[in-house]
Each structure stands twice: as structure tokens, then as C-alpha cells.
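K.L.:
Mind looking over this structure? Questions follow.
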Amino acid sequence: MKEQTFNNQTAQKIYDDYFKRVRRCIAILSEDDQRELTMELKSHVYEATRNSTPEREIDILMDVLNKLGMPEEVLQPMVADKKIRQATRTFNPRHILQALTLNITNGAGYVVLAAIYLLISTFGLLIFLKFIHPSDTGLFVSNGRLIGFGFILDRPAGNREVLGNMFVPVVIMIMIIAYLLNTLLLRLLRRK
Amino acid sequence: MYYICRMNSEFVQNWFSQVKKGTLTYIILNILSEKEYYGYELVQEIKRHTTLEVAEGTLYPLLNRLKTEGIVESKWVEQESGIPRKYYTLSADGRTTLFEMRTIWSTLETAIRKIQK
Chain P
1 MKEQTFNNQT
11 AQKIYDDYFK
21 RVRRCIAILS
31 EDDQRELTME
41 LKSHVYEATR
51 NSTPEREIDI
61 LMDVLNKLGM
71 PEEVLQPMVA
81 DKKIRQATRT
91 FNPRHILQAL
101 TLNITNGAGY
111 VVLAAIYLLI
121 STFGLLIFLK
131 FIHPSDTGLF
141 VSNGRLIGFG
151 FILDRPAGNR
161 EVLGNMFVPV
171 VIMIMIIAYL
181 LNTLLLRLLR
191 RK
Chain S
1001 MYYICRMNSE
1011 FVQNWFSQVK
1021 KGTLTYIILN
1031 ILSEKEYYGY
1041 ELVQEIKRHT
1051 TLEVAEGTLY
1061 PLLNRLKTEG
1071 IVESKWVEQE
1081 SGIPRKYYTL
1091 SADGRTTLFE
1101 MRTIWSTLET
1111 AIRKIQK
């Protein structure tokens, strides 16, 4: 895409500053989304200013940018929405964390899902506990009855741990499944 | 008396803002049902048809949302200027959606006319 240039240096500076702010606001998005959004706004500004005379460039440009609004406000919903799409498409934890941060004020659903992600990540602690306290961490049963899964100190006599070396793979499997399911819920929530 | 008038005026302004917000999607879909438009052209078209002052900054998030929902489609068209335009058009789903919206609008319009008599 060709860059728009202005005859008036002040107009050029106003334009460059505005798009510097736009770039800052959308830096969190994928390269494709950043390019798409910037192109769309630049195209809009070009169409609105292309018939302006050099004397009126600043006035017309200012008017267009005012009508578009402050990038920090205008782009927030689009950035939040695109980030959720990127996160639920890639399943990348970094994108998911960023998407939740951007959308946390958009409803209780996002708060609940963020809490579930937090719970999933704390589940990973069991792996470390299994190495530090192997005899107190696992899936415990007593007389064919389930006592508990996790790190349990106060157990009835005669209990035994049934998973053994499979405990860590089971925890990892549970975390992966819970993560995938929660991310699919996040995708559904965005569509609502 | 002045205070009451000012309060009513504020109330009406707020109500009008809500009406605008609620009907903007319907207006856009109706305009796009005729032919494809690029963003800036769409703003001008909305102004021409409705005399509504659309906050241009709200248009692109809305179009983006409609595209995500599969109601509109978009394509970039290169221009001689070297600065391309992004044209929006109604998708097949969008046409069905608009048909349903028109039915609802028509029912609502009839009901309001009856009430106003």
C-alpha cells in the first residue's frame, strides 16, 4: 500500500502521529490483523482528504481524525475481538492471557473462564508435589473407595496410591483436556 | 421550568443515541443490500439517506463485527492512487438476516403506529 503524503508538514505530522498511536494500540495483534486495520483506516483517511487543497489540508485532516476518534478508544473493541479470535484459533497461552486481559470487563463469562484457566495452571503444581512428596501425592483409594486425587496428607489407614508413575502423565492429560475445553468455551463465548 | 425542559431534552438525546445505536446495523445492512460500498462511501451514504451523524470510529468496529458474524463480506480493491479500498457487501447469510430483520422492523413499525393513534 502506498503511503499518503501531505503538502503541509503539520498535516503530515498530525497524520504520522495518529498512525503511530494506531500502531501502538494494535501491536498486540497478529501481523495480518495489524496490516488489515491500518490499511482500512489509512484508506478511510485518504478517501476523506484526497480532494482537499493544500491550504485546507490540516482542517480537513483534523476533522476526519476527530470523527474517527481516539485510536485508544475506537480500536479497543476491535482489538479485543480480534485477539480472542487469534487466541482461540492458535490455542497459544500467551494470546489467551492477552485476550482475557482485554475482555475481562466484557462480562462475567470472561471472569469465570479466566478463573478456570488459573485453576488449570495451579493443577500443574501437583507435578512438582509428586516429585517433592511422592508418597503424599497421587490418586488414593482405601478398601475400594476413592479418597482423593492430589496432595493429601491426612489419609485413613490402609490407603494406597494407585497411579504410581502414571500420575504425572494423567495430570498433564487432564490439564491439556481442560485447557482445550476451556478454550473452546472461550470461542463460544465470543460468538454469543 | 427551565430545569425540567433541560432534563427532558437530555432524556430525549439519550434516547435518540440509543435508537441510533440500535438501528445503525439495520441501516448499514439495508444500504449494503443495494450494492457494495467502501467504508468512507458507506458513511456518506448513511448521512445521505438518514441525515444521521455517524461517529465514523464506531463504523469500523461494527463492520468488523458483522464480518466476523458472517453477515458481510469484504474485499480489497486496488486503486490508481496506490491506496486500495475495502469494499463491503452482504453475504448470503446477511441477506437472510436482513430479511428477518425487515420482518421484525415492519411488525414493530405497525405496532408503534397503532399505539400512536
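Chains P and S supply the protein sequences, listed in that same order. Quick note on numbering: our numbering labels position 15 of the first sequence as 15, and the sequence is numbered without any gaps. Here our numbering = 1-based position in the second sequence + 1000. Where a beta carbon is used, it is the ideal one built from N, C-alpha and C, also for glycine.
Do we get a CB-CB distance below 9 Å when we pair Arg-1048 (chain S) with the residues of chain P?
P.N.:
no
K.L.:
For the alpha helix (DSSP H) containing Ile-58 (chain P), name the first residue and the last one.
P.N.:
First-last of the alpha helix (DSSP H) with Ile-58 (chain P): 57 to 68.
K.L.:
Could you give the distance in angstroms between the alpha-carbon of Leu-1052 (chain S) and the alpha-carbon of Leu-113 (chain P)?
P.N.:
39 Å
K.L.:
So which residues on chain S does Asp-81 (chain P) lean against when the C-beta distance must stay under 9 Å?
P.N.:
Pro-1061, Asn-1064, Arg-1065, Thr-1068
K.L.:
Mapping DSSP to helix, strand and coil, what is Val-141 (chain P)?
P.N.:
strand
K.L.:
Under 9 Å, Cβ to Cβ, is there at least one residue of chain S near Gly-218 (chain P)?
P.N.:
No statement about residue 218 (chain P) is possible, as the shown extent of chain P runs from 1 to 192 and does not include it.
K.L.:
So is Ile-1083 (chain S) in contact with chain P if we call contact Cβ pairs under 9 Å?
P.N.:
yes
K.L.:
Among P:Tyr-117, P:Gln-4, P:Ile-127, P:Gln-12, which has the Cα closest to the Cα of Ala-178 (chain P)?
P.N.:
P:Tyr-117
K.L.:
Given that Ser-197 (chain P) touches chain S, what residues does it touch there, using C-beta distances under 8 Å?
P.N.:
Here chain P covers residues 1 to 192 and nothing more, so residue 197 (chain P) does not appear.
K.L.:
If you draw a straight line from the alpha carbon of Gln-86 (chain P) to that of Glu-72 (chain P), how long is it in whole angstroms?
P.N.:
Computed Cα separation, rounded: 20 Å.
K.L.:
Cβ of Ile-26 (chain P) within 9 Å of Cβ of Val-64 (chain P)?
P.N.:
no
K.L.:
With respect to the beta strand (DSSP E) encompassing Lys-1086 (chain S), which residues constitute its N-terminal and C-terminal limits?
P.N.:
1085 to 1090
K.L.:
Going by DSSP, what residues sit across from Glu-1073 (chain S) in a beta bridge?
P.N.:
S:Thr-1089
K.L.:
Going by DSSP in three states, Leu-146 (chain P) sits in which element: helix, strand or coil?
P.N.:
strand
K.L.:
Looking at His-44 (chain P): is its Cβ nearer than 9 Å to the Cβ of Tyr-1087 (chain S)?
P.N.:
no
K.L.:
Is Phe-131 (chain P) helix, strand or coil when you go by DSSP?
P.N.:
helix
K.L.:
Distance, Cα to Cα, Tyr-1038 (chain S) vs Leu-1059 (chain S)?
P.N.:
11 Å
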